[in-house]
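Q:
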Amino acid sequence: MALFAAARRAATSSLPLLRASASGATRSAAPLRPLAAAVARPQPRSMPFSSSPATRPSSDGELLRIVDSEIKFAEECDDHDQVEEIPDNFPFKISDDEGMSLITLTRTYQGEKIKVLVSMPSLVTGDEPDHENEANKGSDEDDQEDEAQEPHKSSIPLTVVVSKGDGDPSLEFTCTAYPDEILIDTLSVMQPSGHGEEDEIIAYEGPDFNDLDENLQKAFHKYLELRGITPMATNFLHNYMINKDSREYLFWLRKLKDFFSQ
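For what it's worth, UniProt numbering labels the leading residue of the sequence shown as 1, then goes sequentially.
If you want it as structure tokens, here you go:
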């Protein structure tokens, strides 16, 4: 009995220690709860870059508004969708690609290959002030009246290439076509491209065309006329390129609108 009582007292005396240990374990585990909650909490996701209209710079919005207004004005004009009727006796085939500033004409003439590059017209309206005449006003009134009576002419640049076959030299004319005449600006003999030693030689391009003998100048004008470069053809091309200029301007505006709308 004495032994049993001693064992009971020992067990009872150790009970507060066990309770204290359990309480300490509970207190030490308490700080872990906020960490676990932080890990479990979903993290905010970063927003990807957006090109929506909400993030568009204000300056782009103003440009878009002006461009859109210009498109509407251009669409109201009759020139942008006008199709120039090709004359029955026009000898060339026309290659016209949207977005390009020139057209290409091709034909064959007695075994020759003829290619003509036609650029946008140079439009002269006569609205530009003549500052030189303004400065001399009153000193030479007669000369000014004569100049005022001269009509203002628009023109189109032409590059005419005539070749007889692949690998042969070709003639290249640069011309300026007015409503009633065609001027030859330069004439060059072009060597074929290749990999021979002769390609390193710089070809002589000839003198200034206006320095040639007058009969030779007339002969070359006749040469181009026989190959289809006539005032009738260039007058048609002049109107064609004016209409193309209107179409390309509208196409360009629409590309601008697409850019600023993104």
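Using N, Cα and C, we set each Cβ at its ideal position, and we do this for glycine too.
To the nearest angstrom, report how far apart proline 157 and isoleucine 184 are at their CA atoms.
A: Each residue's alpha carbon lies about 10 Å from the other.
Q: Rounded to the nearest angstrom, how far is the Cβ of histidine 238 from that of serine 119, given a contact under 8 Å?
A: Actually they are not in contact, since the Cβ atoms of histidine 238 and serine 119 sit about 11 Å apart, beyond 8 Å.
Q: If you reduce the DSSP assignment to three classes, tell me which class proline 157 lands in.
A: Strand at proline 157.
Q: Rounded to the nearest angstrom, what separates glycine 111 and aspartate 168 at their Cα positions?
A: Their backbone Cα atoms lie some 13 Å apart in a straight line.
Q: For leucine 253, which residues from the same chain have a beta carbon less than 7 Å from its beta carbon, with the 5 sequence-adjacent residues on both sides left out?
A: Hits under 7 Å: Val67, Glu70, Ile71 and Ala74.
Q: Taking DSSP as the reference, what is the three-state secondary structure of tyrosine 178?
A: Coil.
Q: Drop a sphere of 10 angstroms on the beta-carbon of alanine 233, count the other beta-carbons inside from all chains shown, and report buried for 16 or more, exposed for fewer.
A: By the neighbour-count rule (16 or more Cβ atoms within 10 Å), alanine 233 is buried.
Q: Between phenylalanine 251 and glycine 99, is the Cβ-Cβ spacing less than 9 Å?
A: Yes, they are a contact pair.
Q: Rounded to whole angstroms, what's the CA-CA distance from serine 59 to aspartate 258? Just pull it up for me.
A: The straight-line gap from Cα to Cα measures roughly 15 Å.
Q: With distances taken from CA atoms, which of Ile114, Asp96 and Asn235 is nearest glycine 165?
A: For the residues Ile114, Asp96 and Asn235, the minimum Cα distance to glycine 165 belongs to Ile114.
Q: Name, in chain order, the residues that DSSP records as bridge partners for methionine 190.
A: Answer is Ser170, bridged to methionine 190.
Q: Is the Cβ-Cβ distance between phenylalanine 220 and phenylalanine 90 less than 9 Å?
A: Taking 9 Å as the Cβ cut-off, phenylalanine 220 and phenylalanine 90 do not qualify as a contacting pair.
Q: Could you check how far apart the C-beta atoms of aspartate 96 and lysine 244 are, in whole angstroms? I think they sit under 8 Å.
A: Sure, about 7 Å apart at Cβ, within 8 Å.
Q: When burial is assigned at 16 or more other CB atoms within 10 Å of the CB, is tyrosine 109 buried or exposed?
A: Result: exposed.
Q: Based on Cα-Cα distance, which residue from Leu187, Ile229 and Asn215 lies nearest to proline 207?
A: It is Leu187 whose Cα lies nearest to the Cα of proline 207.
Q: Can you tell which of Glu76, Ile94, Ser122 and Leu224 has its C-alpha closest to the C-alpha of proline 179?
A: That would be Ser122, whose Cα lies nearest to the Cα of proline 179.
Q: Do you know how far the Cα of leucine 102 is from the Cα of residue 263?
A: This structure cannot speak to residue 263, because the chain is shown only from 1 to 262.
Q: Within 10 angstroms of the Cβ of methionine 182, are there 16 or more other Cβ atoms? Answer buried if so, exposed if not.
A: The amino acid occupying residue 182 in the given sequence is isoleucine; methionine does not appear at that position. Flag for isoleucine 182 reads buried.
Q: In three-state terms, what does DSSP make of serine 101?
A: Reduced to three states, the DSSP call for serine 101 is coil.
Q: For methionine 47, name the three-state secondary structure that DSSP assigns.
A: In this prediction, methionine 47 has a pLDDT of 46, which is less than 50 and means its spatial position is unreliable; what the coordinates show is noted afterwards. In this structure, methionine 47 counts as coil in the three-state DSSP scheme.
Q: Closest to glutamate 76 by CA distance: which of Leu64, Ser246 and Ser261 is it?
A: When only C-alpha atoms are compared, the closest one is Ser246.
Q: Could you tell me the alpha carbon to alpha carbon distance between phenylalanine 92 and cysteine 175, rounded to whole angstroms?
A: Distance between the alpha carbons of phenylalanine 92 and cysteine 175: 17 Å.
Q: Restricting to Cα atoms, I'd like to know which of Glu85, Val116 and Ser261 is closest to phenylalanine 173.
A: Minimum Cα distance to phenylalanine 173 is reached at Val116.
Q: Is the beta carbon of glutamate 84 less than 9 Å from the beta carbon of tyrosine 223?
A: No, Cβ-Cβ distance for glutamate 84 and tyrosine 223 is not below 9 Å.
Q: Could you pull the start and end residues of the alpha helix (DSSP H) that leucine 253 belongs to?
A: Taken as a continuous stretch (DSSP letters only), the alpha helix (DSSP H) holding leucine 253 covers 231-261.
Q: Can you name the residues that DSSP bridges to lysine 72?
A: Lysine 72 is not bridged to any residue.
Q: Exposed or buried, which one is isoleucine 86 when buried takes at least 16 other CB atoms within 10 Å?
A: So isoleucine 86 ends up on the exposed side.
Q: Sort Gln191, Phe260, Ser163 and Glu248 by Cα distance to arginine 107 and report the nearest one.
A: Measuring from the Cα of arginine 107, the nearest candidate turns out to be Ser163.
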